[in-house]
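Engineer:
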Amino acid sequence: MTLSEQQQIITLWMDFLDGNELAFSRLYLLFFDDLLMYGRRVGGDDEMVEDVIQDLFVKLYQKKMELNDNTKLRSFLFRALKNQIYNQLLRHSKLRSLEDYDFPFDLNYTIDDEMFSNQAQQLSDEIHCIMKGLTGRQKEIIYLRFVHEMSFEEISEIMDIHVQSARNLLFRSIGKIRKETSMVSFLSVLQVITVQL
339 MTLSEQQQII TLWMDFLDGN ELAFSRLYLL FFDDLLMYGR RVGGDDEMVE DVIQDLFVKL
399 YQKKMELNDN TKLRSFLFRA LKNQIYNQLL RHSKLRSLED YDFPFDLNYT IDDEMFSNQA
459 QQLSDEIHCI MKGLTGRQKE IIYLRFVHEM SFEEISEIMD IHVQSARNLL FRSIGKIRKE
519 TSMVSFLSVL QVITVQL
């Protein structure tokens, strides 16, 4: 996220806290697609995720929460969404706590046949094999870092880990991908992850 985008979010949030309802609507529209994509990946279906996003924004609107750090609105929304989805999944299961289950993270991808021409099927098979070998948390950190271009501070808030742990997890995740591929394939895998998701 660029500095101007971050500043726009802060400005809209402050305007909303000052009573500007249009600013709140713009925040909702600004975050909706990213939250929907993320919510699907942490285990919610479209209907559940849309309902949770709306509930989350209704609570924000009603409470006009003051965040300790207004630069953390994006990470706050992602984490709140994730927690709400997990709570709903727990309610509909026999699990007693989140510790009983390793929630998968769905990291979908597509291969652009024109971009990779004759390598597309081979690359698709290789990426599929690599993705199966990653844990849910490894997929999640790759997604947050490369798709949403989040800082390690934001990732640590969302994943509830220390900043250094986020750095280490990403380093190990990339290392695992690198170990499973040739250099050419590794660069292609990263390109697919960052461009095609």
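For the sequence shown, my numbering begins at 339 and goes up steadily by one. Virtual Cβ for every residue (Gly too), placed ideally from N, Cα, C.
Strictly under 9 angstroms for the Cβ-Cβ distance: is Met-375 near chain B by that measure?
Structural biologist: Any reference to chain B falls outside this structure, which holds one protein chain only.
Engineer: Whose C-alpha, out of Glu-385, Leu-508 and Asn-358, is nearest the C-alpha of Lys-402?
Structural biologist: Comparing Cα-Cα distances from Lys-402 to each of Glu-385, Leu-508 and Asn-358, the minimum goes to Asn-358.
Engineer: Given this structure, state the Cα-to-Cα distance separating Met-497 from Asp-383, to the nearest angstrom.
Structural biologist: Looking at the two C-alpha atoms, the distance is approximately 20 angstroms.
Engineer: For Lys-470, which three-state DSSP category applies?
Structural biologist: If DSSP states are grouped into helix, strand and coil, Lys-470 belongs with the helices.
Engineer: Which residue from Gln-426, Phe-443 and Leu-398 puts its Cα closest to that of Trp-351?
Structural biologist: Here the closest residue by C-alpha is Leu-398.
Engineer: Pick from Lys-420, Ser-342, Phe-362 and Ser-413: whose alpha carbon is nearest that of His-486?
Structural biologist: When only C-alpha atoms are compared, the closest one is Ser-413.
Engineer: Could you name the residues of the same chain whose beta carbon sits closer than 8 angstroms to that of Leu-472, not counting the 5 residues immediately before and after it, in chain order?
Structural biologist: So the list reads Leu-445, Ile-480, Ser-511, Lys-514 and Ile-515, once near-sequence residues are dropped.
Engineer: Looking only at its chain, what residues have a beta carbon closer than 6 angstroms to the beta carbon of Phe-490, apart from the 5 residues adjacent to it on each side?
Structural biologist: Excluding sequence neighbours, Phe-490 sits near Val-501, Ala-504 and Arg-505.
Engineer: In three-state terms, what does DSSP make of Asn-425?
Structural biologist: Asn-425: helix per DSSP, three-state reduction.
Engineer: Look at the Cβ atom of Phe-370, then the Cβ atom of Glu-492, and state whether they are nearer than 9 angstroms.
Structural biologist: Their beta carbons are not under 9 angstroms apart, which means Phe-370 does not touch Glu-492 by this criterion.
Engineer: Could you tell me the alpha carbon to alpha carbon distance between Gly-377 and Glu-388, rounded to whole angstroms?
Structural biologist: About 9 angstroms.
Engineer: Straight-line CA distance for Leu-508 to Gln-476?
Structural biologist: Distance between the alpha carbons of Leu-508 and Gln-476 is about 7 angstroms.
Engineer: Between which two residues does the alpha helix (DSSP H) carrying Thr-349 extend?
Structural biologist: Counting along the chain, the alpha helix (DSSP H) containing Thr-349 begins and ends at 341–355.
Engineer: Does DSSP put Asn-506 in a helix, in a strand, or in coil?
Structural biologist: Helix, per DSSP.
Engineer: Tell me whether the beta-carbon of Arg-379 lies closer than 9 angstroms to the beta-carbon of Glu-478.
Structural biologist: Taking 9 angstroms as the Cβ cut-off, Arg-379 and Glu-478 qualify as a contacting pair.
Engineer: Which residue wins for smallest C-alpha separation from Asn-421, given the options Thr-519, Phe-484, Leu-360 and Glu-495?
Structural biologist: When only C-alpha atoms are compared, the closest one is Glu-495.
Engineer: For a quick check, are the C-beta atoms of Met-375 and Ile-423 less than 9 angstroms apart?
Structural biologist: No, these two residues do not count as a Cβ contact at 9 angstroms.
Engineer: Return the CA-CA distance between Met-453 and Ile-465, expressed in angstroms with no decimal places.
Structural biologist: The pLDDT assigned to Met-453 is 48, lower than 50, so where the model puts this residue is not dependable; a value taken from the coordinates is nonetheless given after this. Near 15 angstroms, if we compare the C-alpha coordinates of Ile-465 and Met-453.
Engineer: When the Cα of Thr-519 is compared with those of Leu-482, Asn-425 and Cys-467, which residue comes out closest?
Structural biologist: Closest by alpha carbon: Cys-467.
Engineer: To the nearest angstrom, how far is the alpha carbon of Ala-418 from that of Leu-394?
Structural biologist: Taking the straight line joining both Cα atoms gives about 8 angstroms.
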